[in-house]
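Just below is one structure, and these are the notes that go with it.
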Amino acid sequence: MSSLLRLATAGSVDDGKSTLVGRLLYDTKSVLADQLDAIERASVDKGMTTPDLSLLVDGLRSEREQGITIDVAYRYFATPNRSFVLADTPGHVQYTRNTVTGASTAQLGVLLVDARNGVVEQTRRHAAVLAMLGVPRLVLAVNKVDLIDYDEAAFTVIAKEFAAHATSLGYAEGTVLAIPVSALQGDNVATKSENTPWYSGPTLLEHLEEVPVAPDPHEAPFRMPVQYVIRPRTPEYPDYRGYAGQIAAGTVRPGDEVVVLPQGLKSTVESVDTADGSLDEAGTGKSITVVLSDDLDITRGDVIAAADNAPKVTDEFTAALCWLSSKQLEPGARVLVKQGTRTVQAMVEELNARFDEQTLSIVDAPEKLELNEIGNVSLRLAEQLPVDDYTVSPRTGAFIVIDPKDGDTLAAGLVGHRFSQLKGVTEPEVA
Amino acid sequence: MTTLEAAADAARDNLAALESEAIHIFREVAGEFDRPVILFSGGKDSTLLLHLAIKAFWPAPVPFPLLHVDTGHNFDEVIAFRDHVVEKYGLRLVVASVQDYIDDGRLVERADGTRNPLQTQPLLDAIADNKFDAVFGGGRRDEERARAKERIFSLRSAFGQWDPRRQRPELWNLYNGRHRPGEHVRVFPLSNFTEADVWNYIAREQVELPSIYYAHQRKVYSRDGMWLTEGPWGGPRADEEVHELTVRYRTVGDGSCTGAVESTASTVEEVIAEVQASRLTERGATRADDRMSEAAMEDRKREGYF
Ligand SMILES: Nc1nc2c(ncn2[C@@H]2O[C@H](COP(=O)(O)OP(=O)(O)OP(=O)(O)O)[C@@H](O)[C@H]2O)c(=O)[nH]1
Ligand SMILES: [Mg+2]
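From first to last, the protein sequence lines stand for chains A and B. Under our numbering, the first residue of the first sequence carries the number 311, and numbering increases by one thereafter. Under our numbering, the first residue of the second sequence carries the number 29, and numbering increases by one thereafter.
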């Protein structure tokens, strides 16, 4: 069982995400006395009788003034079995870009709904974002059950409706669990609630401790974007030349046949180095320095990949975009694409489709893509790039779109992602 | 597997992941910026930062200089440690001195004698004068609520200011370091370390730290509920009684507002046990500057602080 779980909250504004995160921290004794003092004082000032646990995460002045979350807060806590990295994201539609930020690295999404309202527009938007990004598992936390008298029937209706929606988004049975909770009172968060005798499943915390994390794709072919060339030129290491990077997929061992892309140069791994010594093997996520047996011209931006299973090298591909900017995207736009360790100029040749995440339908050839919309585009690049499909190799299939004029990040990009990969969605063939 | 073994495994995986993440961040900056610099005070977080930088570029030397914003209210042990580290690794050290600013009138000493807030101007000037475009800081998200909101690559305006409402999305590990002339990026490779992670990693790597992080005898006096040490910052006052206690520091900052904690922890293992048992955060226990208001840290960051 993996010992580290990264999770992100999601769901509509005021559905109780920050309170739930505060409750998790509080009930796992991850809140220290001075932090608690501070929020107790602030809660009294606001005329509240119990401490407002959302203040543990809503750390910005304007968040506290407005009582909403604006940007992601990262919090950490651990139980004897697992360490958790928790991203509490905003529900407000205006800050969806920050929700995408928190979700991009999550292994589990905790999607909240208010039990009184059930699934709403923003729930569907966030569910679509989580599905697109390939977050492998979801929890539907049906929150505020204290306000519906812990009514089983109401819970079941919401859970059923969402299960159907999640299935349409491609979530297989067993990857989505609905839990009735009250973040405010603590029901079924860390302790089993006596108010919901009809619920026999795990508490949220039990589930977080036990949920399987998708194994590192050890079987996946090796990929490492070169970040930096290490050439000490010191008396001790006069001729050392190593390629520094973090393994994006797969594993590497000395003796492995590799290919350097986009050039297509073949070589063999001579050693896998770290400051702690050379390794017999290194896996996904590890930062290493690779020494090759041939003297090649390799620079930042190149990708070292398994020779027998290399990514395709291309200067055009289709991709899904989560558009995160208030500047709208139109066909013909010139942008920068940062993928791996390379940033290249690109042109958006075609807007092929827009995914309507509310109705789960496809709009063909839209005229533009606006803030928070999800689309499929055809990109042409000024240089050849080695790319994988996001669904096959997320770290080498992910890219960001940057505005060349002011450097803003405009979109999250997923190479090759087709909406037809979301089950239940039919789309016309893209030319 | 027993629970203890599972817990040990969890801890090891976690530290390995944090190390790889930090190394990746250092290398991204080295690859994309012209003039990066590491903020280095000699404290534990900046020492850890440097340790990771050394690992990131091994066997080549660290390709960045260090910048110390010196408040003039230093612990001798920390300055000695700073100079020792600079010498040992053959690094270049740039010092921005708050004292110089006070001496020539560019800054005025505050009534309370605290110099932490005075660091911002010399820091921003040093960044501008040296044309630093990326500035590594040892900030961690678990330190404080406002820090928990900051990106790993945090864009600062030409005035060094952080605008929390205008942070860029930060997706996967694809950092966007684009900035306009005059702007710079603060980079936080330790963002996802907790205080416990820092100490566990220090133990694992046997990182050398200034001696004041471990228990020692010290003459201290109590002010605002903290044990402050005697020093040129004007303490103790006549009404403040001096005690000789066994203490250590959990954080090291400006001497006038960094408190010691009573402790007998004299080894890394003892410190780890103490941190785990503590019911106070490190800032809550030791930093007068953060007790000033609910949003003290956010306000200082907006002004251009670390
Ligand atoms: N009765 C009740 N109220 C709750 C519960 N959970 C949260 N609330 C209240 O709902 C309001 C919103 O809670 P937050 O935790 O700030 O909501 P949020 O989802 O984080 O909101 P944004 O981050 O702005 O999207 C607060 O007044 C909470 O006290 C619950 O389980 N029961
Ligand atoms: Mg919130």
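In this text, a Cβ means the ideal position worked out from N, Cα and C, and glycines have one as well. None of these values were measured; they are calculated from a predicted model.
*With a threshold of 7 Å, establish whether the CB of residue 341 (chain A) neighbours any heavy atom of ligand 1.*
no
_Contact criterion: CB-CB distance below 8 Å. Does residue 631 (chain A) meet it with respect to chain B?_
no
*Any non-hydrogen atom of ligand 1 closer than 7 Å to residue 495 (chain A) Cβ*: yes
*Cβ-based burial, residue 354 (chain A) [other Cβ within 10 Å; buried from 16]*: exposed
*For residue 136 (chain B), which of B:185, B:99, B:105, B:109 has the nearest alpha-carbon?*
B:99
*Of the residues A:662, A:709, A:698, A:631, which one's Cα is nearest the Cα of residue 654 (chain A)?*
A:709
_Along the segment 152-177 of chain B, where does the CB come closer than 9 Å to a CB of chain A? Name the residues._
169, 170, 172, 173, 174, 175, 176, 177
*Grouping DSSP H, G and I as helix and E and B as strand, with all else coil, what is residue 221 (chain B)?*
coil
*May I have the straight-line CA-CA distance separating residue 70 (chain B) from residue 597 (chain A), to the nearest angstrom?*
26 Å
*Beta carbon proximity, residue 741 (chain A) to chain B, threshold 8 Å*: Residue placement at residue 741 (chain A) is poorly supported in this model, since its pLDDT is 39, which falls under 50; the coordinates are not used for a value here.
*For residue 18 (chain B), is the classification buried or exposed, using 16 other Cβ atoms within 10 angstroms of its Cβ as the cut-off for buried?*
Residue 18 (chain B) lies beyond the residue range present for chain B, which begins at 29 and ends at 334; the question has no answer from this structure.
*Rank B:60, B:214, B:77, B:66 by C-alpha distance to the C-alpha of residue 233 (chain B) and give the top, closest one.*
B:77
*asked:* To test your reading of the DSSP string, which unbroken alpha helix (DSSP H) runs of 4 or more residues are found completely within the segment 329-389 of chain A?
replied: 343-355, 371-376
*Which chain B residues are close to residue 369 (chain A), counting only those with a beta carbon under 7 Å from its beta carbon?*
173, 174, 176, 177
*Under the rule that 16 or more other beta-carbon atoms within 10 Å means buried, what is residue 545 (chain A), buried or exposed?*
exposed
*asked:* Please state the DSSP three-state secondary structure of residue 25 (chain B).
replied: Any property of residue 25 (chain B) remains undetermined from this structure, which presents chain B solely from 29 to 334.
_Under 8 Å, with one C-beta from each stretch per pair, do the segment 408-415 of chain A and the segment 199-208 of chain B reach the 3-pair mark?_
yes
*Buried or exposed (CB count within 10 angstroms, at least 16 for buried), residue 457 (chain A)*: exposed
_residue 324 (chain A) Cβ short of 7 Å to ligand 1 heavy atom set_ = yes
*Answer yes or no: do residue 437 (chain A) and residue 402 (chain A) have a C-beta to C-beta separation smaller than 8 Å?*
no
_Runs of beta strand (DSSP E) wholly within the segment 230-297 of chain B (minimum 3 residues, chain order)_ = 244-251, 254-257, 270-276
_Where residue 410 (chain A) falls: helix, strand or coil (DSSP)_ = helix
*What residues come near ligand 2, if near means a beta carbon less than 5 Å from any of its heavy atoms?*
A:327, A:328, A:379
_I'd like to know if residue 195 (chain B) contacts chain A, where contact means its C-beta is closer than 8 Å to some C-beta of that chain._
yes
*Report the rounded CA-to-CA distance for residue 407 (chain A) versus residue 657 (chain A), giving the unit in angstroms.*
22 Å
*Assign residue 523 (chain A) to one of three DSSP states: helix, strand, or coil.*
coil
*Just the chain B side, please: which residues come within less than 7 Å of residue 718 (chain A) by C-beta, in chain order?*
196
*So, is the C-beta of residue 542 (chain A) closer than 8 Å to a C-beta in chain B?*
yes
*Endpoints, alpha helix (DSSP H) assigned at residue 79 (chain B)*: 72-85
*is_contact[residue 181 (chain B), chain A] using C-beta, thresh 8 Å*: no
*Is the CB of residue 228 (chain B) under 8 Å away from at least one CB in chain A?*
no
*Check each residue of the segment 75-101 of chain B: if its Cβ is closer than 8 Å to any Cβ of chain A, include it; give the result in chain order.*
82, 83, 84, 85, 86, 87, 88, 89
*Consider the C-beta atom of residue 453 (chain A) and the heavy atoms of ligand 1; say whether any pair is separated by less than 7 Å.*
yes
*With DSSP as the reference, label residue 712 (chain A) as helix, strand or coil.*
strand
_Is residue 492 (chain A) close to ligand 1? I mean its beta-carbon at under 7 Å from any heavy atom of the ligand._
yes
*Which class does residue 614 (chain A) belong to by DSSP, given the choice of helix, strand or coil?*
strand
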